[in-house]
Amino acid sequence: MNTNNSIENSMNLAEDSRQQEWKHPSFASELFQGRFRWDLIHPFPEQNYMDKMLGDEYLEVLKNCLVKHIDPEKVDREQQLPPEALEALKAVGAFRMKIPRKYGGLGLSNTNYARAISLVASYCSSTAVWLSAHQSIGVPQPLKLYGTEEQKRKFFPKLVNGALSGFALTEPGAGSDPAHMQTRADLSNDGRYYLLNGTKQWCTNGPDADLIIVMALTQPKLVHGKERKQISAFLLNMDSPGVLIQHRCQFMGIRGISNGILRFENVRIPAENLLGQEGQGLKIALDTLNSGRLVIPACSAAVGKYCMHVCRNWANEREQWGAKIGQHQSVAQMLTDISCETYAMDSMAQLTTSMADQERFDIRLEAAMAKYYGSERAWKVVDQAVQIRGGRGYETATSLEARGETPIPLERILRDIRINRIIEGSSEIMKLFIAREALDPHLKRIFPLLKPGKPGNKLLAALGLLAHYTWWYPRLWLPAWSLPKVKFLNRHNRKHLQFLSRTTRRMARKLFHSLIHHRTRLQDEQLLLGHYVDTAALLFTMSACLSRTEQHIKAHGSQPNLQQLTDTYCQKARTEIKEHLRNLRSENRKNMEQISSHLLEGHYAWMENGILKYNDSRTVAESGELSQKQNKKEMV
Ligand SMILES: Cc1cc2nc3c(=O)[nH]c(=O)nc-3n(C[C@H](O)[C@H](O)[C@H](O)COP(=O)(O)OP(=O)(O)OC[C@H]3O[C@@H](n4cnc5c(N)ncnc54)[C@H](O)[C@@H]3O)c2cc1C
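As numbered in my numbering, residues 819 to 1454 make up the sequence shown, in order.
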């Protein structure tokens, strides 16, 4: 298959699996349309009293269970979560938090579930991954979304009784791009079962799971005379004959997770275990990830809070050059960044999970932005915390403890958190996803003109397009008096709100200009679109912080400390936004493209001199073995 065909296939599959319609309002989608819908996010949603009480009680139970049964350093060192810890977690219902009460689960709200997982993540990330792989993306979530009543009655009780689950989409040749999937599920002639063959890579919980959701190719369908790949989703019992654990994987961080390569050889899956319809598999996977990835921003915020706690104590205690290190400006700057970013991550995560609970918003963009922003910023925050701890930040907690120091595990946290920028949609893929959704309203209007069709229909589409843009575009130039009608308590916040309203329209105008300039090729302009995505993500975080601070002031009166934090974050975000909007015109793209092609073509290979390359060590070792063998032969 040539490259163009391969790209087209991937794009077609991704398009077919996209949720096409927007049934509910989306704050983030409106931003890209130039509309700053403050009314959608303010008042900042407070968790309702009963739900909060329920969450508080459960968090207490969970906290006791963690401290009693899990030693995170041991989990990391021994690269496993002990079976008794798993049993203890199961006993307190930690593996059925997301299963509806109707089927015997705890039925926690998204907010309480995020609170619970982030509490666990602040203590032991590996344990958080066990829980989250099982119920954020494993069987409970897709079963809840797409299962028939019969399937729910069959599988939920198994899960409630302790069956562990996982999610198997990735393959050796199909990472971010599922169109390259090779695993097949062929329907038997009598239609009673599917025969599953193939390999799934990096399935978290997979090696220990009882039940997984697995995505596989089924019979292709014909679209305009061309074959289109169909991916379907299946509920698979892991004790089925032909399921093999080929390899247990080990990683830089989250070392206590169970993760492996699964091989399927003629595995029979009963036809009634098909989830949804044939061909709906990728959509099921993407929908599952849409809600599943809400946990990552919450965990990112939790890690930020942990860093604040560590740095507050350390920077107050440690003295160098005649002063507490927190008083040196460079350290103070890092402390400020950590505080501001944590407030931003936390506000964004709370807002998004609460929106999910309210079930009156389409949160696919907000969830993706929160995942992207949270995983990127948390990585920086932990890095800064390591820096503030100096050598102790780099030393393992076990080693610190052995020599009588407080075993603060920042070294482990840095290793653990790195994965969040890769899993459940890498940062690059999140940006593409957000950009595609951002352009959707424009593309929906433009595509009918580009597709082959009757001239009459095209004329109608063109008139519709003209009518829309003559009304929509001039409004983007209106001055800031179209500010949301809201009584602001703080004059700084009012200024930030004006900036948000003004910049939202500016961004939408520029996006429209880019669309006119690049037309449908805009979808390939990843760097350009990346600046729009970063701008929108920052507009969203700023809005979340402002809404939360205002709400807090309203409830508790003037809050100078909080206001200062909000103000500083907003100033920082505004500077970044201006930079992104300036970079839209950047001329560096050509250089970048040329340098990366030179690198790929080996023109800079001369710079790689003077190092031992990964193949060299093997070659040297092999040649050593060879000469040893030869020596032996000669001696014989
Ligand atoms: C610890 C761990 C746990 C995991 N758990 C699971 C699991 O439970 N279930 C499961 O199915 N999978 C799981 N995965 C797989 C994970 O989701 C993938 O690693 C991820 O989707 C990326 O795929 P890849 O690693 O093959 O990278 P690739 O897709 O090969 O991408 C490599 C790089 O290229 C970038 N890239 C790729 N395509 C584009 C593009 N079009 N534009 C710009 N940049 C691009 C990526 O962002 C990345 O930086 C896990 C992985 C790990 C490491």
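For each residue, glycine too, the CB sits at the ideal point set by N, CA and C.
Here the structure is a predicted model, which is why all the values come from computation and not from measurement.
Distance cut-off 7 Å: residue i Cβ against heavy atoms of ligand 1
{"i": "Ala951", "result": "yes"}
{"i": "Thr1022", "result": "yes"}
{"i": "Ala986", "result": "yes"}
{"i": "Phe1358", "result": "no"}
{"i": "Asp1026", "result": "no"}
{"i": "Phe1082", "result": "no"}
{"i": "Gln1412", "result": "no"}
{"i": "Glu1246", "result": "yes"}
{"i": "Asp1352", "result": "no"}
{"i": "Gln1341", "result": "no"}
{"i": "Asp894", "result": "no"}
{"i": "Asn798", "result": "As displayed, the chain neither begins before 819 nor continues past 1454, which places residue 798 out of reach and without an answer."}
{"i": "Gly1211", "result": "no"}
{"i": "Phe1251", "result": "no"}
{"i": "Ile1240", "result": "yes"}
{"i": "Ile1429", "result": "no"}
Beta-carbon proximity list for residue i, same chain, < 6 Å, skipping 5 on both sides
{"i": "Ser835", "result": "Leu1100, Lys1101 and Leu1104"}
{"i": "Arg1111", "result": "Ala1185, Lys1189 and Glu1242"}
{"i": "Phe913", "result": "His952"}
{"i": "Glu848", "result": "Arg855"}
{"i": "Val1085", "result": "Leu1014, Ser1058, Gly1060 and Val1061"}
{"i": "Leu1333", "result": "His1260 and Leu1340"}
{"i": "Asn830", "result": "none"}
{"i": "Val1351", "result": "Lys1249, Ile1252 and Ala1253"}
Counted within 10 angstroms of its Cβ, other Cβ atoms place residue i as buried (16 or more) or exposed
{"i": "Trp1289", "result": "exposed"}
{"i": "Pro1463", "result": "Residue coverage of the chain in this structure runs from 819 to 1454, which leaves residue 1463 outside it and unanswerable."}
{"i": "Pro1025", "result": "buried"}
{"i": "Glu1159", "result": "buried"}
{"i": "His1127", "result": "exposed"}
{"i": "Asp1434", "result": "exposed"}
{"i": "Leu884", "result": "buried"}
{"i": "Ser1414", "result": "exposed"}
{"i": "Leu1277", "result": "exposed"}
{"i": "Glu1255", "result": "buried"}
{"i": "Val1041", "result": "exposed"}
{"i": "Thr1338", "result": "exposed"}
{"i": "Met1152", "result": "buried"}
{"i": "Pro861", "result": "exposed"}
{"i": "Val1454", "result": "In this prediction, Val1454 scores a pLDDT of 44, lower than 50, which makes its location untrustworthy; the coordinate-derived value is nonetheless stated afterwards. Exposed, by the Cβ-count rule."}
{"i": "Met1166", "result": "buried"}
{"i": "Pro996", "result": "buried"}
{"i": "Trp1132", "result": "buried"}
DSSP beta-bridge partners of residue i
{"i": "Arg1066", "result": "Gly1078"}
{"i": "Leu1329", "result": "None, per the DSSP bridge assignment."}
{"i": "Ala1362", "result": "The partner list for Ala1362 (beta bridge, DSSP) is empty, contrary to what the question assumes."}
{"i": "Arg1002", "result": "Asn1015 and Leu1035"}
{"i": "Lys1047", "result": "In the DSSP output, where bridge partners are listed per residue, Lys1047 has none listed."}
{"i": "Glu989", "result": "Ala992"}
{"i": "Glu833", "result": "Answer by DSSP bridge pairing: none, since Glu833 is not bridged."}
{"i": "Ala1141", "result": "Gln1138"}
{"i": "Gly984", "result": "Ile1030"}
{"i": "Val1041", "result": "Lys1044"}
{"i": "Ile1087", "result": "Tyr1012"}
{"i": "Cys1021", "result": "Gly1078"}
Cut-off 7 Å between Cβ atoms - residues of its own chain near residue i, not counting five sequence neighbours on either side
{"i": "His1370", "result": "Gln1377 and Leu1380"}
{"i": "His842", "result": "Arg1178, Phe1179 and Asp1180"}
{"i": "Asn1134", "result": "Lys1142 and Gly1144"}
{"i": "Gly911", "result": "Leu924"}
{"i": "Thr1321", "result": "Leu1357 and Ile1395"}
Residues near residue i by beta carbon distance below 8 Å, same chain, minus five either side
{"i": "Lys976", "result": "Asp1028 and Leu1029"}
{"i": "Leu1107", "result": "Ile955, Glu1242 and Gly1243"}
{"i": "Trp1139", "result": "His1146"}
{"i": "Glu1343", "result": "Ser1332 and His1336"}
{"i": "Glu1096", "result": "Thr1036, Gln1037, Gln1048 and Ser1050"}
Three or more C-beta pairs closer than 8 Å, one from the segment 1180-1200 and one from the segment 1350-1365: is that the case here? yes
Inter-stretch contact at 8 Å, needing at least 3 Cβ pairs: the segment 1247-1266 / the segment 1230-1238: no
Does the segment 1203-1215 touch the segment 1163-1173, meaning 3 or more C-beta pairs lie closer than 8 Å? no
Counting pairs of beta carbons, one from the segment 933-951 and one from the segment 884-898, are three or more of them closer than 8 Å? With three or more CB-CB distances shorter than 8 Å, the segment 933-951 counts as touching the segment 884-898.
Taking contact to mean at least 3 C-beta pairs separated by less than 8 Å, is the segment 1382-1400 in contact with the segment 868-879? no
Decide yes or no for the touch test of the segment 1198-1205 against the segment 1393-1403: beta carbon pairs closer than 8 Å, at least 3 of them. Counting Cβ pairs under 8 Å, fewer than three are found: no touch.
Cβ contact check for the segment 980-996 and the segment 950-964: 3 or more pairs under 8 Å: yes
Mind the definition here: the segment 919-937 touches the segment 894-902 only if three or more C-beta pairs lie below 8 Å; say whether that holds. no
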